[in-house]
Structure formats: structure tokens, C-alpha cells
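Report on the structure given below.
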Ligand code: TMP
Ligand code: ASP
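Residue numbers (our numbering): 52 to 291.
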């Protein structure tokens, strides 16, 4: 598949057009940012790890009946995906208290919820991705009520699939962020699913194996990304 012009460059990825107007290439960069772009850095090998991890997880989800933008892996740091129109609402699903939730509500890190918490944020850098409720999303015409209920139900189904999968390879899926896009009359899971967009803790020790190592200068950042990738590749047969 021929890579044509750059369509969009974000903090961690670049999107290129192809000869097919329906398809684009996602290139995963080693660049890392945190806290709304205030902290910047490079994590060598992150692009490859995030691409390969995302390819693996999109395939797992497709095999479990979730419609995604994923078509195929093109190279170690590129995947071919359907060209969707991103819905500017980020869905965060939380199984265990961590990150901004602890800061906002004073809930202790590590508190396990009996059922997941779903939150929505406005995907808008200029306004620092503020939290939104269903009324905001519907009144601002970001998504209609049917679309929103589909997206939320899909996010919960994805949580079930991923939580079970990560549990089977010794990882606690603490929380994660999803983005969805419109494609013809369908809504597809889009973007990426990686240690940049999820919190992964090692079962038994709660050792962090995700971007929190970069956010909070915990060291062994690139090792954590590689460790997650190796763990998933070692257990590859589970997704087949
Ligand atoms: P938070 O606790 O900082 O709100 O993050 C919740 C989850 O969302 C966590 O797994 C990291 C992910 N996330 C992103 O993917 N992008 C972001 O910009 C932020 C703030 C969080
Ligand atoms: N991705 C966001 C940023 O670049 C925040 C984060 O992941 O912590 O600032």
C-alpha cells in the first residue's frame, strides 16, 4: 500500500493518505507527551511497541465481534486502517482507581470497583479535554443519543474482552481510553490501544507497565512497553 501525503500529525501518531480514499496509514512515533503536552520526551521503541500491541488488540477485538478501523499491520510501526471521522468524545473505562480519578475525588489508588466506571471527555486540546456528560454530548451534536448508547455499550463490551484477556496473561487492566469514528453508516473503534492509552499493572505486585512510568519518572519506561509487547506475543495463540 503506497503512503501518500501526511493528513494529520498528532502527539504520538501521523496519519497518511493512500491510493485508496477509504484507507489511511497510522504511523506510530516514539514521541511521548503527558499532562496535556507539558511534559515531552522520546521513548525509543515506543512506536513499534504501540503499533504491534494495537494490531494485536484490534485483532483480538475483531475476533470477538467488535467492529474496528483496523485492516492489517503494514510494518513494525505502521498499520492500515479505515478512514473514519473521529467522534470528538474520548471514552475512559475504569476498573480500578488511578490517575485523574484519584486526584479529582480523593479515592485511594488501587481501589477496585465492583462494576466499571465509564467517563466521557471532550477531545479538544484547546480546551484541555474537559469531562462531559451525556447532555453535553447530545446538545453539542457530537453524537446523538443512539450513537452514544452504542458507543458506551461497546466500550463496556471491550472492557469485558480486554479485562479477561489481560487477566489471562497476568495483567490487571486498570483503566483505558477509547476513541470511535464514523465510517459510512457504521461506528468503528478507532485510534490505538496501547500502554499510552491504558493502565496495566502486573498481577500480584501492582508494578506499573504503562505510560505512568513516563508521566511520573518511574524509570524503565521503554522496558515496560517492551515487556507488555513480549508478554502479549508470548501468549499469541490466545487471540487465534
Ligand atoms: P486519567 O486517569 O489521566 O484520566 O487517564 C485515564 C486513562 O486514559 C488512562 O488509561 C490513560 C488514558 N489517557 C489517554 O489515553 N489520553 C489522555 O490524554 C489521558 C489524559 C488519559
Ligand atoms: N496524552 C496526553 C498528553 O499528551 C496526556 C497523557 O497521556 O497523560 O498530554
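Idealized CB from N, CA, C, for every residue including glycine.
When beta bridges are read from the DSSP output, residue 228 appears opposite 143.
In the displayed model, residue 123 falls within a strand according to three-state DSSP. Counted as a single uninterrupted DSSP element, the beta strand (DSSP E) harbouring residue 132 occupies residues 129 to 133.
Beyond the five residues adjoining it in sequence on each side, residue 148 comes within less than 7 Å, by CB distance, of 158, 159, 160, 161, 162 in the same chain, given in chain order.
Between ligand 2 and the CB of residue 164, the shortest heavy atom gap is not smaller than 8 Å.
Here residue 210 has 144, 167 as same chain residues with Cβ atoms under 6 Å from its own Cβ, once five neighbours each way along the sequence are excluded. Considered as a whole, the segment 148 to 193 harbours 163 to 173 as its complete beta strand (DSSP E) runs of no fewer than 3 residues, in chain order.
One Cα belongs to residue 54, the other to residue 103, and the distance between them is close to 19 Å. The beta carbons of residue 141 and residue 87 sit no closer together than 9 Å. Fewer than three pairs of CB atoms, one per stretch, sit closer than 8 Å, so the segment 89 to 101 makes no contact with the segment 223 to 239.
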